[in-house]
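To start, the structure under review is shown below, and the notes come after it.
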Amino acid sequence: MLSPLVVVTLAREAETDRAGIVLRTAEQDLELVLMIPPAEAARLAQVLGLTPCACAPLYGLVEELLTRADAKLEQAILDGQPEGITARLRLSREGRAEELACHPADAVALALRRYAPLMATPAALAHAHPVGPVGPVGEDEPLRVWLSRVTPDDFGGPGDGLAGPRSDQS
Amino acid sequence: MTPVRVRGLHGVPRDAEAVLVVETLAGDGRFAFRIPAGEAARVARVLGMAGCRRVPVYDLIGALAASLGGRVSGAVLEMRPGGVAGRVRIVPPGGEDHALEIPCRPADAIALALRVGAPIHATGAALGPSAPDSSRCEGARVAEWLDRVRPGDFVTPIRGGDSENA
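Residue numbers (our numbering), protein chains in the order written: chain A, 70 to 239; chain B, 874 to 1039.
Shown next, in the form of structure tokens:
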């Protein structure tokens, strides 16, 4: 059983270049936090409109390949492993379905660009935690505490006003 | 078309960009262009300059090409009056006669070709000796050249056919 996810925010700590993306189940009851490398975070920030330039040329190339293959991105799926989150793209082409592995950040970005559902397996949601106020350092999950004090603005500013506080804080 | 290779990738810390230098296999022609930090990081990885050589999004592009039954078979850099445009070449099951050339950033075209050991070709205007040879001359000379050059000295990467390929 797959659960749909929505993107809540992408945040970056400029001093350390660490970035994290916050996803939530559609019911807004579970939150999944993924730490992502700077390059992937920068591409995702472009897709989210958090940078002055919203272009993401590499995704344009991926999409062109999909078009040439007459393939459609049906779903981006986040899955869970004991050590973390993996991702795959579910494509349909000529009536057949196929899945390709990719980086979780790229899966999120491509789902957003192609208006495809972003889904999580139960194994991915095993890494999630209930939505709620962030607790004090030492008591709450370190990633949540860290994300509560960084902002999307560290990506350089939006081109279209999409950056801002976490949607649950606005 | 002229076969070319990567001569060097040099950081330009002052503006978080890098310079990618390409030369003919014969070594008699050379050009350089500035690339953004993200592209430079990907090229650096493929060149083995940054530890892990894997670039997940390139793996995805390779897998997409394979799902077409094809493979990345090369890169084409087209020298135009306004700069350089890139295309990645994908050979489908039908063979070279049916090859696809898909516009992309020149640096990504180069990296995708390098990743699978495929050839890189330049076409269009003649290549000139516009950049120092970083393999034969001292690093100091390259650094001096990078200090001296101005944006106008570089070939400009051009948008690909897709409007998103800025």
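The beta carbon of each residue, even a glycine, is placed where N, CA and C say it ideally should be.
None of these values were measured; they are calculated from a predicted model.
What three-state label does DSSP hand L117 of chain A in the structure shown? DSSP places L117 of chain A in the coil class of the three-state scheme, outside both helix and strand.
On the criterion of 16 or more Cβ atoms from any shown chain inside 10 Å, does F904 of chain B qualify as buried, or is it exposed? buried
By how many angstroms is the C-alpha of T136 of chain A removed from the C-alpha of S940 of chain B? 13 Å
Listing by chain order, which chain B residues have their CB less than 8 Å from the CB of R112 of chain A? G911, V930
Where I934 of chain B meets chain A, residues with beta-carbon distance less than 7 Å: L130, V131, L134
At which residues does the beta strand (DSSP E) containing R960 of chain B begin and terminate? 956 to 964
Beta carbon proximity, A180 of chain A to chain B, threshold 8 Å: no
Once you ignore the five residues that flank G164 of chain A on each side, which residues in its own chain have a CB closer than 6 Å to its CB? none
Mind the definition here: the region 946 to 960 of chain B touches the region 971 to 982 of chain B only if three or more C-beta pairs lie below 8 Å; say whether that holds. The region 946 to 960 of chain B vs the region 971 to 982 of chain B: in contact.
Go ahead and label E912 of chain B buried or exposed: buried means 16 or more other beta carbons lie within 10 angstroms of its beta carbon, across all protein chains shown. Counting Cβ neighbours within 10 Å, E912 of chain B comes out buried, since at least 16 surround it.
Which word fits H172 of chain A, buried or exposed, when buried means at least 16 other C-beta atoms lie within 10 angstroms of its C-beta? buried
C-alpha distance - D901 of chain B paired with V989 of chain B, whole-angstrom precision: 25 Å
For L147 of chain A, the nearest candidate out of A:Y184, A:A195, A:V77 (CA to CA): A:A195
Using a Cβ cut-off of 8 Å (strictly closer), state whether L898 of chain B contacts chain A. no
Is L127 of chain A helix, strand or coil by DSSP? DSSP, read as helix, strand or coil, puts L127 of chain A in helix.
Count the other CB atoms within 10 Å of the CB of Q150 of chain A; is the residue buried (16 or more) or exposed (fewer)? exposed
Return yes when the C-beta of P966 of chain B is under 7 Å from any heavy atom of the ligand ADP, and no when it is not. In the structure on display, the ligand ADP does not appear, and there are no ligands present to speak of.
Taking 8 Å as the CB-CB cut-off, is D148 of chain A touching chain B? Residue contact check for D148 of chain A against chain B: no CB pair falls below 8 Å.
If distances are taken between C-alpha atoms only, which option among B:V930, B:D932, B:A914 comes closest to G924 of chain B? Ranking the options by Cα distance to G924 of chain B, first place goes to B:A914.
Can you check whether the C-beta of R978 of chain B is within less than 8 Å of a C-beta belonging to chain A? Proximity of R978 of chain B to chain A, defined by a Cβ-Cβ separation below 8 Å, is satisfied.
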